[in-house]
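Down below is the structure, laid out as structure tokens.
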Amino acid sequence: MSYNPKEIRNKWQTFWKESETYKVSNDLTKPKFYVLDMFPYPSGSGLHVGHPLGYVASDIYSRYKRLKGFNVLHPMGFDAFGLPAEQYAIETGKHPGVTTAENIATYKRQLNNIGLSFDWSREVITSDPSYYKWTQWIFTLMFNHCYCKAEDKAMPISDLLAQFEKDGNTKTSAFTDYNKKFSASEWKAFDASEKDQILMHYRLAYRKVSFVNWCEALGTVLANDEVVNGVSERGGHPVVQKPLMQWSLRITAYAERLLQGIKNLDWSESLKAQQENWIGRSEGATVFFEVAPIPNPSPSGEGNLGKWITANPGSYKRLEAYAKEMRQNPTTQEARLWEELRGEKLGDKFRRQHVLENYIPDFVCLEKKLIVEVDGEIHFYPENIQADLARAEVLEELGYKILRFKNEEVDKNISRVLLKISEELSKRESSIGTESSPSPEERGLGGEALKLEIFTTRPDTIFGVTFMVIAPEHALLNSLVSAEQEEAVKAYIEATKSRSNVDRQASKEVSGVFTGSYAIHPFTGKQIPIWIGEYVLIDYGTGAIMAVPSDDDRDYAFAKHFGIEIIDICDKSAYPNATKSDKLGKMINSDFLNGMEVKDAIALAIQKLVAQGIGNLKVNYKLRDANFSRQRYWGEPFPIAYDKEGAAIDLPLEELPLELPPMDDIKPVNGKAPLSKLTNWSYKGMPLDTDTMPGNAGSSWYFLRYMDPNNDQAFCSTEAVSYWQDVDLYIGGTEHAVGHLMYSRFWHKFLYDLGKVPTQEPFKKLINQGMIQGESAFEYKVVNENKFVSYNLKDAYNTIPIHVAITLVNDKGELDLEAVKRWRPEQAEAEFVLEDGKYIVGHEVEKMSKSKHNVVNPDDVIEEYGADCFRMFEMFLGPIENHKPWQTKGIDGVARFLRKFWNLAHNEEGAFILTNEEPTEKEMKIVHTCIKKVNEDIERFSFNTCVSAFMICVNDLSDLKCHKQAVMSELVKLISPFAPHIAEELWHKMGNTSSVVKDVTFPQFEEKYLVESVISYPVSINGKMRVKIDLAAGISQELAKEQVLANEIVQKWMEGNAPKKFIFVPGRIVNIVV
RNA sequence: GCCCGAGUGGCGGAAUUGGUAGACGCGCUGGAUUCAAAAUCCAGUUUUCGCAAGGAAGUGCGGGUUCGAUUCCCGCCUCGGGUACCA
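Remember, the working numbering sits 30 above the position in the first sequence when you count from 1.
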């Protein structure tokens, strides 16, 4: 029988499947090894030849480890929830569950075609309720935990509640973004919804207002990559940032551990660097700058500065007019409530639309410092939510309490609203008499003057500060704007708002506006202007900076643009190449820091700031908590219901999985999630959350589920996870460098804190496979004509290149015109201008994709050349990490090699011809050289050189006409991880009944076959190789010198000179210096 | 801009700790076989001088360390990836 790859592929794939060859048990007697491929999303277009590169590599390594005696876990599954299936469903009406199942079936068939040794009994599919039950469960664990900074691990919310009951939040070391303090009694006095809101600032899974890309025209929320240049990718409609109450995961609590953990990972340097940059740790200090009071323009005519003057004097005039207008145009609900509050009907005096600081609350009781707000729909629109948050912060700092009601509440149950107001009034003490209304002394933190907190990594440059900049969204903005600057600031804020993020980033022109306020320099007492500038970001540091134009490029540009003073404080003359961003130089013009090197100055500056109580050491991270809600259908539902108070209640494990309900119409409505359309989406009468989890939910822990995939009592049994531990080798693309890998590490560390997994890091070693690009082919269409010209003639015309299917082009780059005309009906009538009777296409290497018509399907390659050839060719292309173009024509070399390998055991008629002759020394040396090389190269994941080694070995044995079973037997075992089908066929032909992919031991080279009695030494004279001389192995340096110097050619090159130096590296080289 | 990574024949690539640069394969050239083609086999294939023997140069560029550098160090250039006003 001649070599028939197709036949033996079918034969052995069926055999392996039927005998469950690749089934893995949790066999504790063997050492474990866990090899994992990154979770594929089963897209509708199936696999192309680029995808299996990593799968083949991991498969070879798995097979190798298996034959080395390890119990190897090598599973596969599917990241099955996601947008494309949902989008496809919306377009076609086909349920995403159905298309996903179809796509998975295609993927599995293609993967099996390649002969990969997956244990399919461990398959994990994220959209399967028995799997996402545990995704939901882990989410509830995060919901029920916060992070304890003292212990540096997750802590149950119940422990936090105990701390609150005892000391409020004054002593807890829980990680939080909540910056107000409350006592135990205050905590106890909070109502359920207030407690819920406070706890949301501590939970690891929590709700907050975050922004989504809202596209009005499409009526839907878009993912970041669906937004291009500020408009929707589909249709190019405008996209705005819309605030929504959504879930987030507090990954920031783990920032430091995620950073530290990277150090010990066996990942590529670039990947580690990417993660480090993403976390973006920077050490510095926060510094408080006092704000000088805004010069008071006397409130015109009103000399009576009584205790009711609660407004910011700078902005009173404007606001007063506005308030008057509002009083005259109340909403129905406001009018109704006013009727019940006016004239001290509840026992305390209320004012309506009274100016407080820079705001105009609906109703306020100044004596009890209680504000009542009635909100309509308007408060759920963009600007307002953020504005509300900012003003609440300021007002609460002034001691006010805000009660918020919705219009419906006033409409439906006004007595309940009034009851709540009276309750609150009775709780609160009168501020009249004991203290005056808000005065400058009372403003700001700790009863002192208003202070601006900034973050800097260069506290040493504090004497170079000539202005301050706050972000346009800064909470204190309104308190800082003077009457004179009012208009300018308003215009600036409007201008920045109307620009999308993309616009803002694209043009880096300097922009900003003066607030009218001044900060006071903590050391010099000088007044420093406070500006607003969009180059300061609200969500990094404190959203405010001290600007040092002499030592920061951005500050410099800003100062130059607006003509602000620049003070030199750092002498860099000793470092000619240093830039402003380098922390180098000697301090000048800096009082007590003068003459110090930057590094020492930073330390001393911080010391001084801390000593004076105006600054603190602070570490900042770029890492942000990421949004965990999607307003989509095809994802895991949140196991969360909301009680009457609106507080979030997690569903207990017994209620999980909370299954995704079947729906016919999964289109979103008015930006609300599809699930919100259901009338019965509730739990014990409480409405359930209608968002679903993002794609990274299911893929953040799937590698643990493979260890124990069918367990319905636990996400993974303790026995299984303590045996398999973690992933020893992880192979996948770089596109997951931060997202998936960062989240998985975070989830894993969380589970570690809870004692659910034994390791801190999930993926010990990681290899990034390179991308295999496609070779695109182009036709050249003449502009405005239905005419196409051949490649070498195109310059004579005005043409545009058009992708043409690479499958219609032959080896010589000639296009099959008949096929093109069938493929593209609009070209059926086209004129083709040929060269030498042929139409030659142009080529370009691009990413492989359907739209570029350059996709090569592995099924086709396997059909023609066989799975073994496909596997070996993928490896032979080059190092696994490299990006490289796919050119099918190169596969012939590997195909020839396999045929040659087959022919070592068969004659020309196809008869099996292996003999039982003893191999010669020479043959053994050839085989063991190969065994040595392959063992070493697999260990260092250099699979391309393994294939070369096999080729060399087979070439050498063919030259010797070696047809000996003893030799082939070793080679077949050695090649079985690479080419399992041909190996199994030959193995069985040799009379074995066991399986060569499972039951044998991987060949180990023996030194004795490789020893040489004579070594051919390259001899160099003055470092140039001149001649090779055979010397006995183990020869002494003296003897070698004697023999080498006696050589004719050596003597010729030495030209009669005596050797200055004689270098002899045993087994390597001889070098003579003349 | 910043952070990574990489530059070796016509092409993919090899050279593992500093020790014969270009393994292996593709492509190309010539030859054998064939009526012819495919397939197969043999020889050649870094550039350059030379009929040849044999020289010279050569791993992005310029320096350096070394008996010896693709490999180590310094300074550049180009390409790829990531990131982006992160104070």
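Each residue gets a CB set at the ideal place from its N, CA and C atoms; glycine is no exception.
Tyr162 burial status per 10 Å Cβ neighbour count (16 or more: buried): Buried is the call here.
Buried versus exposed, by CB contacts within 10 Å (16 or more), Tyr71: Tyr71 comes out buried.
Endpoints, beta strand (DSSP E) assigned at Gln271: Per DSSP, Gln271 belongs to the beta strand (DSSP E) from 270 to 279.
Neighbourhood of Glu627 by C-beta distance below 7 angstroms, restricted to the same chain and skipping five residues each side: Excluding sequence neighbours, Glu627 sits near Lys616.
Neighbourhood of Gly676 by C-beta, 8 angstroms cutoff - its chain only, sequence neighbours within 5 removed: Counting only Cβ-Cβ distances below 8 angstroms, and skipping sequence neighbours, we find Ser223, Asp226.
Within the segment 711 to 785, ranges of the alpha helix (DSSP H) (whole runs, at least 4 residues): Within the segment 711 to 785, the complete alpha helix (DSSP H) runs of at least 4 residues fall at 725 to 729, 732 to 735, 748 to 754, 769 to 783.
Inter-residue spacing [alpha-carbon to alpha-carbon] between Trp916 and Ala897: Rounded to whole angstroms, Trp916 to Ala897 spans 16 angstroms at the Cα level.
Helix, strand or coil at Arg852 [DSSP, three-state]: In this structure, Arg852 counts as helix in the three-state DSSP scheme.
Close beta carbons around His958, own chain, < 7 angstroms, minus the five adjacent residues each side: Cβ contact annotation for His958 (same chain, cutoff 7 angstroms, sequence separation greater than five): Phe1035, Glu1036, Tyr1039, Leu1040, in chain order.
Through-space distance from Gly1064 to Ser603, alpha-carbon basis: Straight-line spacing of the CA atoms in Ser603 and Gly1064 works out to 60 angstroms.
Proximity winner among Thr130, Lys138, Tyr118, Leu718, relative to Met106 (alpha-carbon distances): Scanning Thr130, Lys138, Tyr118, Leu718 for the CA closest to the CA of Met106 turns up Lys138.
CA-to-CA distance, Gln363 to Ile390, given in whole angstroms: Rounded to whole angstroms, Ile390 to Gln363 spans 17 angstroms at the Cα level.
Cutoff 6 angstroms; reference Tyr565; Cβ partners in own chain excluding five residues on either side: By the criterion of a C-beta distance shorter than 6 angstroms, Tyr565 is surrounded in its chain by Arg584, once the five residues flanking it on both sides are discounted.
Simplified DSSP state of Phe1032, which is helix, strand or coil: Coil.
Rounded Cβ spacing between Gly249 and Pro698 (contact assumed at less than 8 angstroms): The C-beta separation of Gly249 from Pro698 comes to about 7 angstroms, placing the pair in contact by the 8 angstroms criterion.
Met1055 classed as buried or exposed, judged by whether at least 16 other C-beta atoms fall within 10 angstroms: Counting Cβ neighbours within 10 Å, Met1055 comes out exposed, since fewer than 16 surround it.
Three-state class that DSSP yields for Glu805 in the structure shown: In the three-state reduction of the DSSP assignment, Glu805 falls in the strand class, which pools E and B.
Assigned secondary structure, Leu482 (DSSP; H/G/I helix, E/B strand, else coil): In the structure shown, Leu482 sits in a strand (DSSP, three-state: E or B).
Burial state of Val65 (16 or more Cβ within 10 Å): It is buried - the Cβ of Val65 has at least 16 other Cβ atoms within 10 Å.
Rounded straight-line distance, which links the Cα of Gly80 to that of Leu475: A caution first: Leu475 carries a pLDDT of 33, below 50, which makes its placement in the model too unreliable to give a value.
Closest by C-alpha distance to Gly804, when choosing among Val751, Glu48, Met878: Nearest of Val751, Glu48, Met878 to Gly804, Cα basis: Met878.
Endpoints, beta strand (DSSP E) assigned at Asn1101: DSSP places Asn1101 inside the beta strand (DSSP E), whose first and last residues are 1099 to 1103.
Exposure of Phe931, with buried meaning 16 or more beta-carbon neighbours within 10 Å: Of the other Cβ atoms in all chains shown, 16 or more fall within 10 Å of the Cβ of Phe931; this residue is therefore buried.
Nearest neighbour of Tyr94, chosen from Met356, Asn199, Leu146, Gly573 [CA to CA]: Checking every option, the nearest Cα to that of Tyr94 belongs to Leu146.
Contacts around Glu791, its chain only, beta-carbon distance under 6 angstroms, and the 5 residues preceding and following it disregarded: So the qualifying residues of the chain are Gly291.
Backbone CA spacing between Gln1067 and Gly1097 [nearest angstrom]: The alpha-carbon atoms of Gln1067 and Gly1097 are separated by roughly 11 angstroms.
Span of the alpha helix (DSSP H) around Pro1010: 1010 to 1019 is the span of the alpha helix (DSSP H), which, as asked, contains Pro1010.
Counted within 10 angstroms of its Cβ, other Cβ atoms place Ser1024 as buried (16 or more) or exposed: Under this definition Ser1024 is an exposed residue.
Distance between Met716 and Asn174 (C-alpha atoms, nearest Å): Their Cα atoms are separated by approximately 19 angstroms.
Three-state secondary structure assigned by DSSP to Tyr672: It is a strand residue.
Span separating the alpha-carbon of Gly563 from that of Ile500: So the two alpha carbons sit approximately 6 angstroms from each other.
7 angstroms Cβ shell around Glu876 - same chain, five flanking residues per side excluded: Sequence-distant Cβ neighbours of Glu876 in its own chain, meaning closer than 7 angstroms and more than five residues away, are Gln803, Gly804, Ser806, Lys882, Asn884.
Per DSSP, cross-strand counterpart(s) of Ser240: Bridge pairing for Ser240: Leu274 [DSSP].
Rounded separation between Leu708 and Met172 - CA only: The C-alpha of Met172 is placed about 27 angstroms away from the C-alpha of Leu708.
Own chain, CB closer than 7 angstroms to Ala849, minus 5 neighbours either side, in chain order: These residues qualify, in order along the chain: Leu838.
Reduced DSSP secondary structure (H/G/I, E/B, other) of Phe862: Phe862: strand per DSSP, three-state reduction.
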